[in-house]
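Novice: Encoded as structure tokens, here's the structure I'll be asking about.
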Amino acid sequence: MDAHGYCMRWRENAERRGVAAHVVAEIARRHEVTATRFGVLTNMPELSDPDGKSFFLIPAYADGARARAAALMTYILNAGTGYGKPGGRATDFPVTPYGAPEITRIMARQNANRWSYTHDVAFVHRNGGRLVTTPNGMLMGVGGNLVQRLFSRRGGTTWGDLFMVNAGKVTDPAGLLCQIVSSGRAWYLDGNGTPRASRLDLDRVLHHEERHAAQWADRGYVGMLAGYGRELFRELVFGAVNRLEADAGLADGGYRA
């Protein structure tokens, strides 16, 4: 699909999801959203989840600037993240309305976490991993060599604006990302070290990880590493609740039913 096609799709998505016309107009005006802006998504393979939301596979040759722009335009295109959708399970937080203020917040978060685009996108690709944009305006990745996999623990780890799923050694990271997106579920490693879909909605996990991305933006690189280290010590030694995980949503992150 070309840039004009994605621009039309954006307006169709907004109408289908009940976004008011004046909200769409404000987004177009305040953030200069035109067909040209959607051009960053052309030639990127599009993946769809069960609700029809779009994710885009970042080409391995793409630089951080293109990945950052594509992540933002993916949020705009989808006209909603799917978090807290009607009929779904109760979530940890109320739904944040889609609109120009939320786009401004995402852009500020991206700027604060710009190191994760300028350095880490190339790092992931260089080590054999792959990345997709998400409806939350950040990136999700899997795979890579042993060095790359050291940076993903438990169900996955967010570094700045990059959420790396802990899927172990993966022979086809792009294919696994397609499976994850199409399932609409969070994935985990079973007892045999095989990646499998869980019962937890991917929308909820991505919301949880986006809140971690906001923590990185608020605390800075050193501050987040130090803060999470302290929380992990309290959690493992004293059995205390990890306050950074609680702030991101314990049920959304799969820590609590």
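To convert, note that position 204 of the sequence shown is 203 in numbering that gives the first Met the number 0; the numbers rise steadily by one, no gaps.
Note that beta-carbon positions come from the ideal geometry of N, C-alpha and C, so glycine has one too.
With V288 as the anchor, note down where its alpha helix (DSSP H) starts and where it stops.
Specialist: No answer is possible for residue 288: it lies beyond the span of the chain, which begins at 0 and ends at 256.
Novice: How about A271 and V141: do their beta carbons lie closer than 8 Å?
Specialist: Absent from the structure is residue 271, since the part of the chain shown begins at 0 and ends at 256.
Novice: If distances are taken between C-alpha atoms only, which option among G174, L249 and P49 comes closest to S181?
Specialist: As a working note, residue 181 is residue 182 in the sequence shown. For S181, the nearest C-alpha among the options comes from P49.
Novice: Give the range of the beta strand (DSSP E) segment to which P194 is assigned.
Specialist: Along the sequence shown, read from residue 1 onward, the residue named residue 194 stands at position 195. Counting along the chain, the beta strand (DSSP E) containing P194 begins and ends at P194 to D200.
Novice: With DSSP collapsed to three states, give me the class of G143.
Specialist: Your numbering for residue 143 matches position 144 in the sequence shown. Three-state result, G143: coil.
Novice: Please report the straight-line C-alpha distance between R255 and R125, rounded to a whole angstrom.
Specialist: As a working mapping, residue 255 is identified with position 256 in the sequence shown. As a working mapping, residue 125 is identified with position 126 in the sequence shown. Rounded to whole angstroms, R255 to R125 spans 35 Å at the Cα level.
Novice: Could you tell me whether any non-hydrogen atom of the ligand GTP is closer than 7 Å to the CB of W215?
Specialist: Of ligands this structure carries none, so the ligand GTP is not represented either.
Novice: Let me check one thing: in DSSP terms, what residues is F55 bridge-paired to?
Specialist: Locating residue 55 in the sequence shown gives position 56, where the first residue counts as 1. Per DSSP, E45 and T132.
Novice: Could you pull out every residue in the same chain whose Cβ sits closer than 7 Å to the Cβ of V18, ignoring the five residues on either side in sequence?
Specialist: Position 19 of the sequence shown holds residue 18. Here the set comprises A78 and Y97.
Novice: Return the chain-ordered ranges of every alpha helix (DSSP H) run that is complete within the region 194-250 and spans a minimum of 4 residues.
Specialist: 201-237 and 242-247
Novice: Which whole-angstrom value is the C-beta distance of P172 and G238, which I expect to be below 8 Å?
Specialist: Your numbering for residue 172 matches position 173 in the sequence shown. Your numbering for residue 238 matches position 239 in the sequence shown. Not a contact, Cβ separation roughly 35 Å.
Novice: Can you tell which of G136, A13 and R8 has the C-alpha that lies nearest to the C-alpha of L205?
Specialist: Locating residue 205 in the sequence shown gives position 206, where the first residue counts as 1. If we check each option's Cα against that of L205, G136 comes out closest.
Novice: Short of 6 Å in beta carbon distance, which residues of its chain neighbour H30, apart from the five on each side in sequence? Order them along the chain.
Specialist: The sequence position of residue 30 within the sequence shown is 31, counting from 1. So the qualifying residues of the chain are I102.
Novice: Which one of P58, I26, E25 and H21 has the shortest CA to CA distance from V39?
Specialist: For the purposes of this step, residue 39 is identified with residue 40 of the sequence shown, where counting begins at 1. Minimum Cα distance to V39 is reached at P58.
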